[in-house]
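Since the structure comes first, as structure tokens, the remarks are kept for the end.
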Amino acid sequence: MIQVKNVYKRYRNRHGSGWVLRDINFTVPRGISVGLVGRNGAGKSTLLRLIGGMDHPDRGEIIRKCRVSWPIGLAGGFQGSMTGRQNVKFVARIHGNDSFIDDVIRKVEEFAELGPAFDEPVKTYSSGMRSRLAFGLSLAFDFDLYISDEATAVGDKSFKEKATQAFKEKVGKAGLIIVSHSEGILKELCQAGIWLDQGQAYWFDDIQDAIAAYHESIRRS
Amino acid sequence: MRSSWQVTCSVWHAMFMREAGARIMADRFGWFWMFAEPVAYVVIMIGVREMLGRTRFVIGADFIPWLITGLMAFNLFRDGVTRSLGAVEANKGLFAYRQVKPVDPVLVRCVLEGILKSLVFLILIGGATLLGHPMLPAAPLEAAHVWLSVWLLGVGCGLVVSAGGALISELGRFVRMAMLPMFMLSGAIIPVQMLPHAVQQKMLYNPVLHGLESLRLCFFPLYKTVQGVDLLYVWLSALAALALGLALHVRFARQLKMQ
């Protein structure tokens, strides 16, 4: 369960500082998938970063009573000069004890299908291979809540199908908070929706309503 | 659920293996250069001093062992500081994993650096002794203790500059510039005993000098250092720097993650 209480956030820079999020309140129940919609710059990614614990609100608090993933498909944490296997090992080590490291490595190796490249330095990877590795890594852990910022399966057709399948299975068992501009994906994966507008968040029990509200706001402006 | 301490331990373990791996895999024969580079540095410095140095005379100690202890102790301090400077920036990508705090890469780098430098020092002690410049420490345990205090001083300063450097980006530049004068003022290559008394009094404000001279006192039983060298001063400076550095990392954890 995620509780977001009176959260304010702004980014200070030399051009001044407008509030990105102003007094946001909502609760995401366990096992519910939520889609975040809103125009560019509405604060969707910011909210996701706050929920994921990568950033802190300026005021208010976010209570996490479950295991929250890092953003799915995140490839920023890879060390280029080390092999895919070593990078996976690193993330597995951060997240748990030794007994489950081998398990995670095996899962990622099977899922990412990199073959011998799994033991090559990550800097030699193509962008597709990188995201295969990153995607496989996210799915190798069991989280209660996954967060995803515009990251859906990438890669060639066969991998895409497999990844989408695995993703749905995981999400079926856990919760998901996703930022996406693809309404097809939102409708497919999410039950509830949050529409962000002018620093405010509006909760909708049905994702269709959230998308409708978002469309309505675009038409009006 | 793991306790905070367990999480921290697994992060440190993971980061240590990663930093060590990155250092080894950095280029061809990375593992070789890890040791060869500092050794070569000391050898070159000795060569330069042998050719140019006017004062090859230090009371109570052989010149080459005297130089090696000073250079290594100073390098231990300096690399603790300079390696810490880039630590937060270089590991920015990892802060996406909630478990990793900005202070972790700094501490891990300092520990790795300390281990490497200790090994290099042992290699140099062995090498110099075999080559006919006996430099086995007269008081090995005390020497290890002083070595540890110099390392801690480096860690403390490293914590301060890594937090400060992230907030004031010019600080890193300034610290790197300041390292050369520090080198001269720490008595690593120039015997402080030869300098006028008034200059000595000023130089004694520098805790690194105290560390270097204390280390030499442990190595050479007949060594005469300047009045006022005190290991306690090193410890107090180290503890003050550690406290300030950790406090800065707690206070500015958020800004450090963001920058």
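Going down the list, the sequences are from chains A and B. For the first sequence, the working numbering begins at 454 and goes up steadily by one. For the second sequence, the working numbering begins at 2 and goes up steadily by one. For every residue, glycine included, the Cβ atom is placed at its ideal position computed from N, Cα and C.
Chain C contact residues for His250(B), given Cβ-Cβ distances below 8 Å: In the structure shown, chain C does not exist; the protein chains are A and B.
Pairwise C-alpha distance: Gly646(A) and Arg585(A): 28 Å
Opposing strand residues paired with Phe479(A) [DSSP bridges]: Val457(A)
Spatial distance of Leu639(A) from Gly488(A) (CA atoms): 6 Å
Test item: CB-CB of Val193(B) and Ala74(B) under 8 Å: no
Three-state class that DSSP yields for Ser670(A) in the structure shown: helix
Enclosing alpha helix (DSSP H) for Leu123(B) [first to last residue]: 104-131
Presumed contact (8 Å Cβ cut-off) between Ala616(A) and Phe588(A), rounded CB distance: 6 Å
Phe221(B) in three-state terms, based on DSSP: coil
Own chain, CB closer than 7 Å to Val12(B), minus 5 neighbours either side, in chain order: Gln100, Val101, Asp105
Closer than 8 Å at the beta carbon, the chain B residues around Trp523(A): Ala97, Tyr98, Arg99
Inter-residue spacing [alpha-carbon to alpha-carbon] between Gly568(A) and Ile558(A): 13 Å
Residue range of the unbroken beta strand (DSSP E) whose run includes Gly155(B): Looking at the DSSP string, Gly155(B) is not in any beta strand (DSSP E); the run it does join, the alpha helix (DSSP H), is 141-168.
Segment contact flag, the stretch 569-579 of chain A with the stretch 530-543 of chain A, C-beta cutoff 8 Å, min 3 pairs: yes
Beta-carbon proximity of Trp656(A) to Phe479(A), cut-off 8 Å: yes
Supposed contact pair Gly71(B) and Leu213(B) - C-beta distance, whole angstroms, cut 8 Å: 5 Å
Paired residues, beta bridge with Leu474(A) - DSSP: Lys462(A)
Cutoff 7 Å; reference Met582(A); Cβ partners in own chain excluding five residues on either side: Leu567, Ala570
Neighbourhood of Gln456(A) by C-beta distance below 6 Å, restricted to the same chain and skipping five residues each side: Thr480, Ile516
DSSP three-state assignment for Ala74(B), whether helix, strand or coil: helix
DSSP beta-bridge partners of Pro524(A): Ile600(A)
Assigned exposure category for Arg217(B) - 16 Cβ within 10 Å defines buried: buried
Boundaries (first-last residue) of the alpha helix (DSSP H) holding Ser611(A): 610-626
Closer than 7 Å at the beta carbon, the chain B residues around Ile539(A): Here residue 539(A) turns out to be Gln, not Ile, going by the sequence shown. Going along chain B in sequence order, the residues near Gln539(A) (Cβ under 7 Å) are Gly22.
Beta carbon of Gly505(A) nearer than 8 Å to that of Val521(A): yes
Alpha helix (DSSP H) runs wholly inside the stretch 545-599 of chain A, at least 4 long, in chain order: 554-565, 580-592
Distance cut-off 7 Å: Leu172(B) Cβ against heavy atoms of the ligand ADP: With respect to small molecules bound, the structure shown includes none, and the ligand ADP cannot be examined in it.
Test item: CB-CB of Ala440(A) and Asp597(A) under 8 Å: Residue 440(A) lies beyond the residue range present for chain A, which begins at 454 and ends at 674; the question has no answer from this structure.
Contact the stretch 83-92 of chain B vs the stretch 167-183 of chain B: 3+ CB pairs below 8 Å: yes
Minimum C-alpha distance to Met46(B) - residue among Ile69(B), Phe30(B), Leu113(B): Ile69(B)
Any chain A beta carbon closer than 8 Å to Ala272(B): What the structure shows of chain B is the stretch from 2 to 260, and residue 272(B) is not part of that stretch, so it cannot be assessed.
Identified DSSP bridge partners for Val490(A): Trp648(A)
Three-way DSSP call (helix, strand, coil) for Leu629(A) in this model: strand
Cβ distance (whole Å) where Ile477(A) is taken to contact Ala654(A) below 8 Å: 5 Å
For Val59(B), the three-state DSSP class (helix, strand or coil): strand
Inter-residue spacing [alpha-carbon to alpha-carbon] between Asp555(A) and His468(A): 48 Å
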